[in-house]
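As given, the protein sequences belong to chains Y and A, one line each in that order.
So for the first sequence, this note's numbering puts the first residue at 45; every next one is plus one.
So for the second sequence, this note's numbering puts the first residue at 45; every next one is plus one.
Yeah, the Cβ is synthetic: ideal placement off N, Cα and C, and Gly gets one too.
Since this is a predicted model, take the numbers as computed values, not measurements.
Number of protein chains: 2
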Amino acid sequence: MKRTLGYTTNPIRRHSSERDPEALARHRDDPKRLVVLVAGDIPILRAGEPVTALLSPADTDRVANGLEEVFLGHLGDRPVVARLAPSDAADLFREDPAFIVMDLRSAAMNRIAPHDELGILATAKSLLDWHARHRFCSTCGSPTTLSQAGFRRDCASCGAQHFPRTDPVVIMLVSRGERCLLGRQTHFLPGMYSCLAGFLEPGETIEAAVRRETFEEAGVRVGAVRYSASQPWPFPSSLMIGCMGEAESEDVTVDREELEDARWFSREDVRLMLRREHPEGFFVPPSVAIANYLLHEWLDGSE
Amino acid sequence: MKRTLGYTTNPIRRHSSERDPEALARHRDDPKRLVVLVAGDIPILRAGEPVTALLSPADTDRVANGLEEVFLGHLGDRPVVARLAPSDAADLFREDPAFIVMDLRSAAMNRIAPHDELGILATAKSLLDWHARHRFCSTCGSPTTLSQAGFRRDCASCGAQHFPRTDPVVIMLVSRGERCLLGRQTHFLPGMYSCLAGFLEPGETIEAAVRRETFEEAGVRVGAVRYSASQPWPFPSSLMIGCMGEAESEDVTVDREELEDARWFSREDVRLMLRREHPEGFFVPPSVAIANYLLHEWLDGSE
Chain Y
45 MKRTLGYTTN
55 PIRRHSSERD
65 PEALARHRDD
75 PKRLVVLVAG
85 DIPILRAGEP
95 VTALLSPADT
105 DRVANGLEEV
115 FLGHLGDRPV
125 VARLAPSDAA
135 DLFREDPAFI
145 VMDLRSAAMN
155 RIAPHDELGI
165 LATAKSLLDW
175 HARHRFCSTC
185 GSPTTLSQAG
195 FRRDCASCGA
205 QHFPRTDPVV
215 IMLVSRGERC
225 LLGRQTHFLP
235 GMYSCLAGFL
245 EPGETIEAAV
255 RRETFEEAGV
265 RVGAVRYSAS
275 QPWPFPSSLM
285 IGCMGEAESE
295 DVTVDREELE
305 DARWFSREDV
315 RLMLRREHPE
325 GFFVPPSVAI
335 ANYLLHEWLD
345 GSE
Chain A
45 MKRTLGYTTN
55 PIRRHSSERD
65 PEALARHRDD
75 PKRLVVLVAG
85 DIPILRAGEP
95 VTALLSPADT
105 DRVANGLEEV
115 FLGHLGDRPV
125 VARLAPSDAA
135 DLFREDPAFI
145 VMDLRSAAMN
155 RIAPHDELGI
165 LATAKSLLDW
175 HARHRFCSTC
185 GSPTTLSQAG
195 FRRDCASCGA
205 QHFPRTDPVV
215 IMLVSRGERC
225 LLGRQTHFLP
235 GMYSCLAGFL
245 EPGETIEAAV
255 RRETFEEAGV
265 RVGAVRYSAS
275 QPWPFPSSLM
285 IGCMGEAESE
295 DVTVDREELE
305 DARWFSREDV
315 RLMLRREHPE
325 GFFVPPSVAI
335 ANYLLHEWLD
345 GSE
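The following block contains the structure:
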């Protein structure tokens, strides 16, 4: 089951001690190097059997000027580097049948990007996006420079060190007996319902965030909370923390600022929604998403 | 057991819908308001039975110029606001016996700050510290201004919205049969050993971070990982994610860049360390810390 959960498998061996000041320059000249190329926020994949996000140096030659680079670690004896290119560099690949130019969310959902490389793509996309949005020091406003092979940015003006950001998000399947609570945001595809979710706030435990978000969005009180699984979600840099919650109340009051609807569904509803056979056209997110995993766990009554 | 874990109890009722543009101004004039005052990074507590971090408006009159304010939520019908004051504002309270001026870590450890308010103090300290370090836009370098009653900062120049940051940290009790793995950092008090821990990196699951950090720091391979509990750790803004890990190897290779030592301890060692009766003077963190909680869980063989 966990096998199909997206962004959780990453075969790269990473070790923070290998992030020395010369690491990027050293690997830049290594003919064995593999490159994960992201143009703006679009990853460039090599077509073929199998499709791969791990490009050879020759594949990336056509991109004259890259922006930041990050050393991700090793695959066997091959160093892997993620490279940010300007958004318009995607055009250099778009009409070449040797490459696939597609946003990561679609490439994962449609199973075009290889499942085993989704964790690599998640790391690359989150880190490169972080660099693109942190070229200035939040403490003093001066320009920052990349250090620690891409895992830090330093401000020469005030001395602040800035580290990549990962935002914890709680996502919870709240249930009461034979029914579970699902909601839909306005921007969802028509008919799609998913688990409630929200950013954990400063000073909250995971369990408190599950209870607060469920009450804020749907007016339902949650008692016991049990952690189930976690998943990186690189849009741009979330850590999804999947939990099962036991509802202590049933009346639903939807916060229309956050959700378009929230309601209770039976086990049979959920079975039909997973198979996209629900008579009212309702369905749930695909297996790449942790909401799907939590729903299967609830139906199975076990992990 | 969880009762003693610090920073996890927060009686404030928070709701993101109450963070309208007028919220701070409205509560600033409310005679019932309660104020959590932080000077630099030092909270100002009111002495008495009980000690409290929830000051009255009269208590804070002596601070002429505050910096940022954040609306935390309600306690009953009383709005609670956190206010950042310059570091030297602590001097206005230091010699007044009606107040206690002490860094939060010490106040929690020595049980001077009230246990039930530690979660409030964690939220206030993390948020105010975030404001102090994010007065400029990391995307373009321009000044930012506070919005959403203190839960966002906006850049008028490039339009970026910045949200408070919470950094997920994995902390794990790794064990193999009757022994568990503890380490010490150079800055620990002499004799103190604790669970291994480290920041989760972009693109990692919680479970992968537990395995990577344990291998990086101690060279020990971890198989099964089980989530146990979480804890806000406001130094400055971590979320501690406590896990139990099963070691698959025993040889310890300490990364001296990260740790001064790491070694295996028996259950009897841990019992004596918890009671501070170990013959070699070893001990573990106090009950306010999640490492202590994980050690108790391991000894009990249950939560």
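DSSP places glutamate 290/A in the strand class (E or B) of the three-state scheme. About 13 Å separates the Cβ atoms of phenylalanine 309/Y and glycine 235/Y, ruling out a contact at the 8 Å cut-off. Annotated as proximal: serine 281/Y and arginine 209/Y, with beta-carbon spacing under 8 Å.
By the C-beta density criterion, cysteine 199/Y is buried, having at least 16 other C-beta atoms within 10 angstroms.
The alpha carbon of valine 314/A has as its nearest neighbour, out of Glu222/A, Val254/A and Asp85/A, the alpha carbon of Glu222/A. In the DSSP secondary-structure assignment, histidine 322/A is not bridged to any residue.
Secondary structure of isoleucine 164/Y (DSSP, three-state): helix. In the structure shown, the three-state DSSP call for glycine 185/A is coil. Ile215/Y is the residue among Ala151/Y, Leu98/Y, Asn154/Y and Ile215/Y whose C-alpha sits nearest the C-alpha of isoleucine 285/Y. Note on histidine 59/Y: under 16 other CB atoms within 10 angstroms of its CB, so exposed under the neighbour-count rule. Your pair leucine 99/Y and valine 79/Y checks out as a contact, with CB atoms roughly 5 Å apart and the cut at 8 Å. Tyrosine 337/A sits in a helix when the DSSP states are folded into three classes. Valine 124/A is bridged by DSSP to Leu78/A and Gly117/A. The CB of arginine 209/Y comes closer than 9 Å to the CB of Arg209, Asp211 and Pro246 in chain A, given here in chain order.
By the rule that beta-carbons nearer than 8 Å mark a contact, phenylalanine 115/Y does not touch chain A. By the criterion of a C-beta distance shorter than 8 Å, phenylalanine 180/Y is surrounded in its chain by Ser186, Pro187 and Thr188, once the five residues flanking it on both sides are discounted. For methionine 317/Y, the secondary structure class from DSSP, reduced to helix, strand or coil, is helix.
Rounded to whole angstroms, the separation of the alpha carbons of glutamate 341/A and aspartate 211/A is 24 Å. A residue is called buried when at least 16 other Cβ atoms come within 10 angstroms of its Cβ; isoleucine 156/Y does not meet this threshold and is exposed.
Under the 8 Å criterion on CB atoms, asparagine 336/Y is classed as non-interfacial with respect to chain A. Around the C-beta of serine 293/Y, fewer than 16 other C-beta atoms lie within 10 Å, and the residue is accordingly described as exposed. An exposed status is given to threonine 230/Y, since fewer than 16 other beta-carbon atoms sit within 10 Å of its beta-carbon. For the segment 80-112 of chain Y, the set of positions with a beta-carbon nearer than 9 Å to some beta-carbon of chain A is empty. Valine 266/A carries a strand assignment under DSSP once its states are collapsed to helix, strand and coil.
A contact between stretches requires three or more CB pairs, one per stretch, nearer than 8 Å, and the segment 47-57 of chain Y meets this requirement with the segment 235-251 of chain A. Between glycine 263/Y and valine 218/Y the beta-carbon gap is near 12 Å, outside 8 Å, which marks them as no contact.
According to the DSSP assignment, alanine 102/Y belongs to no beta strand (DSSP E) but to the alpha helix (DSSP H) extending over 101-104. Below the 9 Å Cβ cutoff, chain A contributes Thr52, Ala273 and Ser274 as neighbours of glutamate 251/Y, in chain order. Beta-bridge pairing by DSSP links tryptophan 277/Y to Ser282/Y.
The C-beta distance from valine 114/Y to leucine 171/Y rounds to 5 Å, short enough to fall under 8 Å. Ala333/A is the residue among Leu339/A, Ala333/A and Leu338/A whose C-alpha sits nearest the C-alpha of arginine 149/A.
Rounded to the nearest angstrom, the gap between the Cα atoms of alanine 335/A and threonine 48/A is 12 Å. For arginine 228/Y, the uninterrupted beta strand (DSSP E) run begins and ends at 223-228, by DSSP.
The secondary-structure analysis by DSSP pairs serine 219/A across a beta bridge with Cys224/A and Glu290/A. In the pairwise beta carbon analysis, the segment 60-72 of chain A is classified as not touching the segment 130-142 of chain A: fewer than three pairs are separated by under 8 Å. Valine 328/Y and cysteine 239/Y have their C-alpha atoms some 9 Å from each other.
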